[in-house]
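This report refers to the structure that appears directly beneath it.
Number of protein chains: 2
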Amino acid sequence: MSRGSDAEREFLEAYEPRDYPSIAVTVDLVVLAVAQGVLHAALVRRGGHPFKGMLALPGGFVAPRESAGDAAARELAEETGLDLGGLPAHIEQLASYSDPDRDPRMRVVSVAHLVLLASDGGALPGLSAGTDAASAAWHPVHAVLESPMAFDHATILRDGLERLAGKMEYTTVAAHLLPAEFTMTQLRSVYEAVWDTQLPAGNFTRKMLPHLAATGRKTQPAVGAPAALFTAEQRHIHPPLSRRRTGPAG
Amino acid sequence: MSRGSDAEREFLEAYEPRDYPSIAVTVDLVVLAVAQGVLHAALVRRGGHPFKGMLALPGGFVAPRESAGDAAARELAEETGLDLGGLPAHIEQLASYSDPDRDPRMRVVSVAHLVLLASDGGALPGLSAGTDAASAAWHPVHAVLESPMAFDHATILRDGLERLAGKMEYTTVAAHLLPAEFTMTQLRSVYEAVWDTQLPAGNFTRKMLPHLAATGRKTQPAVGAPAALFTAEQRHIHPPLSRRRTGPAG
DNA sequence: ATCCTTCTTATCAATCCGACAATAATTGGG
DNA sequence: CCCAATTATTGTCGGATTGATAAGAAGGAT
């Protein structure tokens, strides 16, 4: 940036950051992937107080010279042992959580992020516990939401799931939970895993087809007809897919 | 909360918040209202360095014992002089901005909020400048987005406008820019102001009517037929209204 | 060859959409 | 009082989209 006037440079040199209300800033990660047709979240079990033994989201402090997005990418590797060297994980900011009492130890504002990992539907990438955690493992999201979690992490996980479910109505973001090339059935099963429902195959294809690009290749499945492989074109789906709603909107 | 075990209480009493990377947390406000069929934003002109004389969003520090949402409501009153004693302003969190260099003075993470003020379409509520500002005034959003703003506030304002424009497709959030009771034409003019476009009246009515509740009352306009008064009801609009898009989705 | 499984395409009535026209309810002016 | 002007509301029409369901196509297995 070349916006510095003489007066402004002078001001900045004289400026002394004083005792402004100082708050620790962290990132918490909602890391999602699909296996066996079920949406899973990468969660850690807390090894120390508070909330010892309870499930929590992976996360950690934002370093002095990094943005929240950079911190999210770094903590994803550190806290879960996931090495995304090649795989391009989709990371987007979710929301910030700032209740003064959300952490009993000290004042912490957390910038939550949503992370989508590609998976072929079979085995999930292996996890290894980070610093503060006793263990890290994948848990079925819709089941684990029934039980309590550490801090306000149940709320964050719920918000992350709702964000993903909602965005899948009008974007092709679901493709980030699949390899670069995928079949229509794979994509539909991602929708079914996240929305926790069943979708008619024929109508799903009709609606989704205009928003995908055919590669020309086909799968060689063990049984049944071969399926065409597609890649997602990042675009808006309009009108959106319809998802049966439970309650009113926020 | 009654989750404190003996071991946990013991831990918390012994816990000493040490020198964790400490960052100042602020809120920035995108305050919007409609007047004369044009969407306006409440902006301040900076009275001191850096970015002296440039337009900026109102905002301020989050106090040690308040959440970001509470801080947003407080700063809305302090920085703009708006007293929302009676009027229920709609406040929702937008996103957080955490680039380490976004403020040249010190490390500041800002939790941006979107604020929608009700207006009858005529005069906008009066503004008065707060502490850090030389003046506070309403500016037409679509025009002011063409010129630069202080810090990353142009980005925040753009994000806020896009959030509102998008959410208006599938919710009745636009009603928060109007009094509790409003006519179909008033609501349509809010859509036209935010989307910066024209909408056919007949089709708009057909699409919106199921999501509003008729009060039975009517307006007494100076000229033309009287219009029915509605209140906003159902929150999800499905399928959504269609807005002509410019670029791909995020 | 025939069956089974899975992917893909087709059909059909009901609904919804954009474009546009017609009707209704007022005020103001001759 | 009657008519033009203005604004709100309702109606119409062909085309597109939807949900439900079925038919067709492409393999492998028996």
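Chains as they are written, first to last, in my numbering: chain A, 1 to 250; chain B, 1 to 250. Note that CB positions come from ideal geometry on N, CA and C, so glycine has one too.
Assuming residue i and residue j form a contact by the criterion Cβ under 8 Å, report the distance between their Cβ atoms to the nearest whole angstrom.
i	j	result
B/P58	B/L39	With 8 Å as the limit, B/P58 and B/L39 do not qualify as a contact, their Cβ atoms being about 17 Å apart.
B/D99	A/S96	Not quite, the Cβ-Cβ distance comes to about 15 Å (not below 8 Å), so this is no contact.
A/P125	A/P50	Actually they do not touch by this definition, with Cβ atoms about 29 Å apart.
A/F230	A/T215	6 Å
B/H139	B/L55	7 Å
B/G37	B/R45	That belief does not hold up - the Cβ atoms of B/G37 and B/R45 are roughly 25 Å apart, past 8 Å.
Thinking just about the alpha-carbon of each residue, which of the options is nearest to the one in residue i?
i	options	result
A/H241	A/E169, A/A175, A/A180 and A/A7	For the record, residue 241 of chain A in the displayed sequence is Leu; it is not His. It is A/E169 whose Cα lies nearest to the Cα of A/L241.
A/A136	A/A143, A/V31 and A/P221	A/V31
B/A89	B/L161, B/S110, B/A118 and B/G224	B/A118
A/F61	A/V141, A/V34, A/H236 and A/V25	A/V25
A/G130	A/G48, A/A7, A/R217 and A/Q36	A/G48
B/E162	B/H142, B/V27 and B/M208	B/H142
A/L212	A/A228, A/P200 and A/A201	A/A228
A/A180	A/D120, A/E78 and A/A73	A/D120
B/L94	A/L87, A/E79 and A/A112	A/A112
A/A73	A/V27, A/V109, A/A41 and A/A42	A/V27
A/G202	A/D196, A/E92, A/V194 and A/T185	A/T185
A/L116	A/A42, A/V108, A/S110 and A/T197	A/A42
B/E92	B/A71, B/R65 and B/V109	B/A71
Could you tell me the alpha carbon to alpha carbon distance between residue i and residue j, rounded to whole angstroms?
i	j	result
A/R254	A/G81	Because chain A here runs from 1 to 250, residue 254 of chain A falls outside it and cannot be looked at.
A/V190	A/L177	7 Å
A/H238	A/E192	20 Å
B/S22	A/S22	6 Å
B/P221	A/E146	54 Å
B/T155	B/V144	12 Å
A/T219	A/L187	14 Å
A/K167	B/A63	33 Å
B/G122	A/D159	38 Å
B/G69	B/D6	33 Å
B/L209	B/R235	12 Å
A/M174	A/V34	The question names Met, yet the displayed sequence has Ala at residue 174 of chain A. Computed Cα separation, rounded: 10 Å.
B/R243	B/L114	21 Å
B/V152	B/V223	It is worth fixing the name first, because residue 152 of chain B is Asp in this sequence and not Val. Spanning the two alpha carbons is a distance of roughly 45 Å.
A/V134	A/M106	One detail in the question is off: residue 134 of chain A reads as Ala in this sequence, not Val. Each residue's alpha carbon lies about 22 Å from the other.
A/P148	B/T183	45 Å
B/T172	B/R206	15 Å
A/E79	A/S128	8 Å
B/M1	B/R217	The predicted position of B/M1 is uncertain, since its pLDDT is 42 and thus under 50; a value taken from the coordinates is nonetheless stated next. Answer to the nearest angstrom: the Cα atoms are 47 Å apart.
A/A164	A/P200	For the record, residue 164 of chain A in the displayed sequence is Leu; it is not Ala. Cα-Cα distance, rounded: 21 Å.
A/Q198	B/L87	44 Å
A/S110	B/S110	12 Å
A/V194	B/E233	28 Å
B/L157	B/A150	11 Å
B/P226	B/R65	50 Å
A/G108	B/D196	For clarity, residue 108 of chain A is Val in the given sequence; the question names Gly instead. Answer to the nearest angstrom: the Cα atoms are 40 Å apart.
- Query: If contact means a Cβ-Cβ distance below 7 Å, which residues of the region 95-107 of chain A contact chain B?
  - Reply: Along the region 95-107 of chain A, going in chain order, the ones with a CB nearer than 7 Å to a CB of chain B are A95, S96, S98, D99, P100, P104, R105, M106 and R107.
- What residues in the region 36-51 of chain B have a beta carbon less than 7 Å from any beta carbon of chain A? Answer set for the region 36-51 of chain B: H49 and P50.
- Query: When Cβ atoms are compared, which residues of the region 65-86 of chain B fall closer than 7 Å to chain A?
  - Reply: Answer set for the region 65-86 of chain B: R65, E66, S67 and A68.
- What residues in the region 220-247 of chain B bring their beta carbon closer than 8 Å to a beta carbon of chain A? So the close ones are Q234, R235, H236, H238, P239, P240, S242 and R245.
- Query: Can you list the alpha helix (DSSP H) stretches of 4 or more residues lying completely in the region 188-222 of chain B, in chain order?
  - Reply: If we require 4 residues or more, the alpha helix (DSSP H) runs fully inside the region 188-222 of chain B come out as 201-208.
- Task: Ignoring anything shorter than 3 residues or poking outside the region 111-165 of chain B, list the beta strand (DSSP E) runs there in chain order.
- Result: Runs of the beta strand (DSSP E) inside the region 111-165 of chain B: 133-140.
- Interface positions of the region 123-144 of chain B facing chain A (Cβ-Cβ less than 9 Å), listed along the chain: For the region 123-144 of chain B, the beta-carbon criterion of a distance under 9 Å to any beta-carbon of chain A is satisfied by none of its residues.
- Item | Cβ-based contacts, 9 Å cut-off: residues of the region 190-217 of chain A near chain B | Listed by position, the residues of the region 190-217 of chain A near chain B (Cβ gap below 9 Å) amount to none.
- Jot down the residue ranges of each uninterrupted alpha helix (DSSP H) in the region 80-107 of chain B, minimum 4 residues, whole runs only, in chain order. Given a length threshold of 4 residues, the region 80-107 of chain B has no whole run of the alpha helix (DSSP H) inside it.
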